[in-house]
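So for the sequence shown, this note's numbering puts the first residue at -10; every next one is plus one. We treat Cβ as the ideally placed atom computed from N, Cα and C, and that holds for glycine. In this text, all values refer to a predicted model and were calculated from it rather than measured experimentally.
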Amino acid sequence: MADLPVLYSFRRCPYAMRARLALRVSGVAYEHREVALKAKPAQMLAASPKGTVPVLCLPSGEVLDQSLDIMRWALQHKDPEVWLPQSPEAQILAEAGIALNDGAFKGHLDRYKYPQRFGLENGVQHRALGAEVLMQWESTLQANLQTHAQAQAYLAGPRWVLLDACVAPFVRQFARTDRLWFDTQPWPQLSQWLMAFENSEAFAEVMGKHPAWLPP
-10 MADLPVLYSF RRCPYAMRAR LALRVSGVAY EHREVALKAK PAQMLAASPK GTVPVLCLPS
50 GEVLDQSLDI MRWALQHKDP EVWLPQSPEA QILAEAGIAL NDGAFKGHLD RYKYPQRFGL
110 ENGVQHRALG AEVLMQWEST LQANLQTHAQ AQAYLAGPRW VLLDACVAPF VRQFARTDRL
170 WFDTQPWPQL SQWLMAFENS EAFAEVMGKH PAWLPP
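Pasting the structure below:
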């Protein structure tokens, strides 16, 4: 195990989830260290003082502590399902979509799910603002469904790629905040896309439970 990259992760964290998705599809072997957020390992904090997951420590001594950097590192080693954008246009689309997810949508998601942390009485306003982003994804999925004439649509075209993997864990977290409300909204393609993700073999594998890692 000493020669393997070490991933500090937390099962439910959407950033860590998408990093694990990319590591899985790449086939890169690594040591998984599940973090208890109330007792973060000193080894993780020494490698990345920011104190959030995911953190990937490479045998070379390099540390990657941003989920997108971990995903790109894994996929640059091996990308069997061709998740990485293959054209300048696809790169622009992926970057814009990830920026929307990690910026505006994540901000609304946090305030919807945890309003008290932001001094809000409730998260209803941010649920509505987050829903506007989700309706953009619904429109994208509907357009791709018509363009590619297939049963399942994805965010960047006819198949699941990096953009889908980056966005899906956050849409899942938004949906789980109030699933009854989410399931009544007018986004049938988004709901189908999310359900396909949640029922996938990849999701089942990366969501396997690990005991909290303890140093030897």
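Under the three-state reduction of DSSP output, E20 falls in the strand class. By the Cβ rule, the region 40 to 47 counts as touching the region -3 to 12, because three or more pairs are nearer than 8 Å. Here DSSP, grouped into helix, strand and coil, assigns G197 to coil. Take P104, set aside five residues on each side of it, and the residues of its chain with a beta-carbon closer than 6 Å to its own are N111 and G112, in chain order.
Rounded to whole angstroms, the separation of the alpha carbons of P205 and A36 is 17 Å.
With contacts defined as CB atoms closer than 9 Å, A63 and A145 fail to qualify as a contacting pair. V52 sits in a strand when the DSSP states are folded into three classes. R22 and A31 have their C-alpha atoms spaced approximately 12 Å apart. When secondary structure is reduced to three states using DSSP, Y4 falls in the helix class.
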